[in-house]
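Residue numbers (full-length UniProt numbering): 1 to 516. Glycine residues also receive a C-beta, built at the ideal position from the N, C-alpha and C atoms. Structure first, then comments.
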Ligand code: NAD
């Protein structure tokens with residue numbers, strides 16, 4: 001049962017209506033978004049459509065709260081206790097929020113519990129533990145030549161902006177909001193217009209857990225207007241962005257004007273290398289999992305499957321046979337394995353890539369269209385699709401499709417597999433399948449990606465850093481140092497000599513005159 005008494009949404013025309021959360025107030029707008037269930041096209045909710053004026057108000061509220069200093073001067077153990085209380089509330093609302101997440105972005109319900117809400121639970125626990133253990137202040141060396149004591153402090157940065165995409169709204173929003181808050185910052189989150197509800201629900205939990213007003217603000221609004229305006233705002237000192245590489249590049253460019261600190265979590269084209277000694281049952285299922293989680297709408301998906309020529313035909317045959325056993329359908333049905341894609345724009349973009357793959361000469365081995373018939377009259381669907389005879393210069397091997405499309409490539413030697421795997425501007429994830437762990441580890445060490453899974457995929461642990469090489473991003477989220485990204489480092493040096501004559505001043509201003 002929910003322990004939250006405050007409601008993030010009000011009832012309007014039979015559906016919940018979400019407002020923005022600015023300076024501790026629920027703020028509505030003249031215009032609104034419709035949040036559509038991608039499986040049924042039903043209206044799930046409406047949400048206020050924020051403007052640049054709302055963005056300014058959110059930054060002003062965050063700045064005011066930071067300057068007042070109540071939150072940033074709250075001892076870390078007490079900040080961690082607020083996160084503990086959020087954790088308890090989130091756990092109590094798991095079923096409700098998992099269902100809302102499924103209806104909002106098409107995630108199969110049984111996965112929604114484990115990932116959409118289960119991941120944030122583990123991650124918030126991690127950030128609370130880290131807040132208690134983190135070295136907010138540590139001694140530097142005491143140096144002898146000129147006697148100094150030194151101190152290194154980690155301090156909050158100020159107003160931190162988080163920009164969140166639609167694919168895992170609660171998970172990715174929590175990766176930004178929670179460590180930023182744990183470090184004592186004030187936060188503005190710009191949610192994606194298609195999936196605004198999760199961060200607004202989180203606002204109620206944070207407030208009820210004791211977070212002062214103005215410290216956490218959520219604005220809605222279009223990316224090109226409200227998002228871009230926030231990135232350019234001079235009072236925003238840090239931007240943590242998750243989204244496409246294209247927009248990430250724009251964010252970095254704009255942030256450069258005011259030298260903001262920037263963390264970018266961007267796209268991927270994960271190479272998945274099956275070695276010739278792999279356990280084929282595990283590798284077949286794992287390779288499906290790698291590209292089909294959330295209908296392929298995951299940045300760190302394994303979308304390029306690299307098979308040794310000798311295994312290729314058998315592996316593909318087994319993969320497709322297993323794929324045919326999976327059930328595509330309504331995410332709220334317990335038996336559903338694969339849900340819809342986000343909207344018509346995404347569906348058409350994915351189908352466009354499938355057409356390009358065919359034109360480029362790849363072989364369509366499975367899928368390739370939108371399923372039709374009972375259950376698919378409404379909604380946005382793409383059949384899981386497998387291309388073989390793909391070469392790494394084809395666009396279906398180079399560009400992020402963000403849908404359930406797998407490109408299968410052949411290789412003849414492990415060196416060749418590694419060369420193909422690394423021949424990409426992306427570097428978010430990669431995988432290796434082998435029964436010889438040492439051999440797989442040797443390959444993993446040569447792959448250029450931020451997360452590598454051996455005999456697994458999508459295993460994102462709160463204890464491990466997550467982020468990208470190359471154009472997949474900058475910085476890391478999660479892991480033991482997750483708070484580093486949301487803190488400034490300050491060096492304090494204390495002179496212990498006690499006498500001016502022992503300092504270096506004389507090099508500049510000469511020796512002090514002798515006193516009588
Ligand atoms: P997107 O880049 O279009 O949008 C992401 C967010 O940025 C949204 O909130 C959007 O409103 C906002 N935005 C858009 N234009 C903006 C601008 N000019 N200035 C500021 N903000 C702007 O991405 P998307 O389609 O929502 O998400 C899919 C992409 O996100 C994929 O490329 C995927 O790989 C990536 N992604 C990466 C990670 C990761 O951790 N590396 C995780 C999930 C998704």
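Requested in this report: Using a threshold of 7 Å, state whether the C-beta atoms of residue 457 and residue 286 are closer than that.
Outcome: It is a contact, given that the beta carbons lie within the stated cut-off.
Query - Rounded straight-line distance, which links the Cα of residue 167 to that of residue 134 - result: Going from the Cα of residue 134 to the Cα of residue 167 covers about 30 Å.
Query raised in the report: Buried or exposed: where does residue 492 fall if 16 or more other Cβ atoms within 10 Å of its Cβ makes it buried?
Result: Result: exposed.
Query raised in the report: Considering only residues of the same chain and omitting the five flanking positions on each side of residue 126, which have a CB-CB separation below 6 Å?
Result: The residues are 462.
**Report entry** Segments of 4+ residues assigned as alpha helix (DSSP H) that fall wholly inside the segment 471-509
**Finding:** Runs found: 506-509.
**Report entry** Through-space distance from residue 324 to residue 184, alpha-carbon basis
**Finding:** Using only the alpha carbons, I get a separation of about 50 Å.
Query - Chain-order list of residues whose beta-carbon lies under 7 Å from that of residue 157 (same chain, five-residue window excluded) - result: A distance below 7 Å between beta-carbons, with the five flanking residues on each side excluded, links residue 157 to the following residues of its chain, in chain order: 185, 237, 238, 261, 486, 487 and 488.
Query - Unbroken beta strand (DSSP E) run spanning residue 273, endpoints - result: Annotation for residue 273: the continuous beta strand (DSSP E) segment containing it runs 270-274.
Query raised in the report: So does the segment 327-335 actually touch the segment 114-130, counting three or more Cβ pairs closer than 8 Å?
Result: In this structure the segment 327-335 does not touch the segment 114-130; the number of beta carbon pairs closer than 8 Å is below three.
Query raised in the report: What separation, rounded to the nearest whole angstrom, lies between the Cα atoms of residue 300 and residue 469?
Result: Between residue 300 and residue 469, the C-alpha separation is close to 12 Å.
Query raised in the report: Under three-state DSSP, which class holds residue 242?
Result: Residue 242 falls in the strand class under three-state DSSP.
Query raised in the report: Do the segment 53-65 and the segment 363-383 touch if we need at least three Cβ pairs shorter than 8 Å?
Result: Contact between the segment 53-65 and the segment 363-383 is absent, because fewer than three Cβ pairs lie under 8 Å.
Query raised in the report: Start and end of the alpha helix (DSSP H) containing residue 16?
Result: Careful: residue 16 lies outside any alpha helix (DSSP H), inside the beta strand (DSSP E) at 15-18.
Query - Pairwise C-alpha distance: residue 42 and residue 451 - result: Distance from the CA atom of residue 451 to the CA atom of residue 42, rounded to whole angstroms, is 37 Å.
Requested in this report: Out of 102, 87, 40 and 98, point me to the one whose CA is closest to residue 583's CA.
Outcome: The displayed coordinates of the chain run from 1 to 516. Any statement about residue 583 would go beyond what the structure contains.
Query raised in the report: Curious, which full-length beta strand (DSSP E) runs of at least 3 residues does the segment 371-437 contain?
Result: The segment 371-437 contains these whole beta strand (DSSP E) runs: 385-388, 405-411 and 429-433.
Query - Expected contact under 8 Å - CB spacing of residue 406 and residue 391 to nearest Å - result: The C-beta separation of residue 406 from residue 391 comes to about 15 Å, leaving the pair out of contact by the 8 Å criterion.
Query raised in the report: For residue 599, which residues does DSSP report across the bridge?
Result: The shown model of the chain, from 1 to 516, leaves out residue 599, and the question about it has no answer.
Query raised in the report: Taking C-beta to C-beta, are residue 47 and residue 230 nearer than 7 Å?
Result: It is not a contact, given that the beta carbons lie outside the stated cut-off.
**Report entry** Residues near residue 294 by beta carbon distance below 7 Å, same chain, minus five either side
**Finding:** Cβ within range, chain order: 107 and 167.
Query raised in the report: Between residue 459 and the rest of its own chain, which residues show a CB-CB distance below 8 Å, the 5 nearest in sequence each way excluded?
Result: Cβ neighbours of residue 459 beyond the five flanking positions: 453.
Query raised in the report: In whole angstroms, what is the alpha-carbon distance linking residue 321 and residue 25?
Result: Distance between residue 321 and residue 25, taken at the CA atoms: about 54 Å.
**Report entry** Residue nearest to residue 416 in terms of C-alpha spacing, selected from 363, 273, 205 and 213
**Finding:** The residue from 363, 273, 205 and 213 with its alpha-carbon nearest to that of residue 416 is 273.
Query raised in the report: Quick one: what's residue 33 bridged to in DSSP?
Result: In DSSP, residue 33 forms a bridge with 47.
**Report entry** Own chain, CB closer than 7 Å to residue 379, minus 5 neighbours either side, in chain order
**Finding:** Counting only Cβ-Cβ distances below 7 Å, and skipping sequence neighbours, we find 38, 39, 40, 41 and 340.
Query - As assigned by DSSP and simplified to three states, the class of residue 160 - result: Strand, per DSSP.
Report task. Identify whether residue 172 lies in helix, strand or coil by the three-state DSSP scheme. Result -> In the structure shown, residue 172 adopts helical secondary structure according to DSSP, grouped into three states.
Query raised in the report: Quick one: does the C-beta of residue 197 sit closer than 6 Å to a heavy atom of ligand 1?
Result: The answer is no for residue 197.
Query - Nearest candidate by alpha-carbon position, reference residue 384, set 446, 189, 327 and 393 - result: Nearest to residue 384 by alpha-carbon distance, out of 446, 189, 327 and 393, is 327.
Query raised in the report: Between residue 221 and residue 160, what straight-line distance do the alpha-carbon atoms span, to the nearest angstrom?
Result: Spanning the two alpha carbons is a distance of roughly 17 Å.
Requested in this report: Classify residue 190 as helix, strand or coil using the three-state DSSP reduction.
Outcome: Of the three classes helix, strand and coil, the one that applies to residue 190 here is strand, per DSSP.
**Report entry** Nonlocal neighbours in the same chain, by C-beta distance under 6 Å from residue 180, ignoring five residues either side
**Finding:** Correct list, in chain order: 160, 187 and 486.
Report task. Count the C-beta pairs between the segment 422-437 and the segment 263-281 that are closer than 8 Å, then say yes if the count reaches three, no if not. Result -> With the cut-off at 8 Å, the segment 422-437 and the segment 263-281 touch.
Query - Check: residue 167 C-beta below 6 Å from any heavy atom of ligand 1 - result: Yes, since a heavy atom of ligand 1 falls inside the 6 Å radius drawn around the Cβ of residue 167.
Report task. Look at the alpha carbon of residue 553 and the alpha carbon of residue 75, and state the distance between them as a whole number of angstroms. Result -> Outside the shown range of the chain, which is 1 to 516, sits residue 553, and nothing can be said about it.
Requested in this report: Measure the alpha-carbon distance for residue 16 versus residue 429 and round it to whole angstroms.
Outcome: Rounded to whole angstroms, residue 16 to residue 429 spans 37 Å at the Cα level.
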